[in-house]
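In this note's numbering, the protein residues as written are 31 to 278.
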């Protein structure tokens, strides 16, 4: 079972349970969710007014709507047909205009070179198995010195589990290191009742991929959950990268 198929099933559940696609939405943050602080706290994207923002992995469209409300002109690409359909329905419901494409995150032929002001991804890159190809394509479409902000699963969080704790609302059991931080590859994780395959990459490996594609990293944040019922030590769950396109 692929990640795309899992996302398609989740999208179908959202539509069936809450309409198109989910009425329980807050538009206050580009980096929404329990694992990430708000854009108001990060201030990484700057002034978005009239900026063309490419979002890699738009999900149900929540970030794209937030971008519109900050004056941006979002262009989104999503691997799941069902999630992309949810994003379009949400845009219609909110009476906003977003451009949504479906396909591989590296298939950016619909964009001209140096035509995008900002690129953004808030989780989808952790599932992509060819980061170099994605980064090269993002570099091609970004304007010189434009920024690329990407939130990815922290590799350390994919090496640690709780012994006998399960994935309940209150994790129990001792923390256990279940794989080497230095061993890259894939790991299966449970999300929203579905199993996903994530790519494990060290921070050094991701940094090198940015560099190979012609980006200079100017900020890296290691983020722990801001709202968590976990009584144990706080561990970073997300890495937030900000890089800039180098070269002409």
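Note that CB positions come from ideal geometry on N, CA and C, so glycine has one too.
In this text, all values refer to a predicted model and were calculated from it rather than measured experimentally.
Counting along the chain, the unbroken beta strand (DSSP E) around residue 131 starts and ends at 129-132. Residue 135 and residue 210 have their alpha carbons spaced roughly 28 Å apart.
Nearest neighbour of residue 248 by Cα position, chosen from 180, 79, 217, 144, turns out to be 180.
Per DSSP, reduced to three states, the secondary structure at residue 246 is strand. Excluding five sequence positions before and after residue 42, the CB atoms of its chain that fall closer than 8 Å to its own CB belong to 112, given in chain order. The residue from 139, 216, 83 with its alpha-carbon nearest to that of residue 167 is 139. The shortest CA-to-CA distance from residue 172 to any of 277, 269, 124 is the one to 277. The beta carbon of residue 186 sits closer than 7 Å to those of 211, 265, 266, all from its chain and outside the five residues before and after it, given in chain order. Judged by their CB atoms, residue 164 and residue 82 are not nearer to each other than the 8 Å cut-off. Between the alpha carbons of residue 79 and residue 208 lies a distance of about 45 Å. Straight through space, the alpha carbons of residue 275 and residue 184 are spaced by roughly 23 Å.
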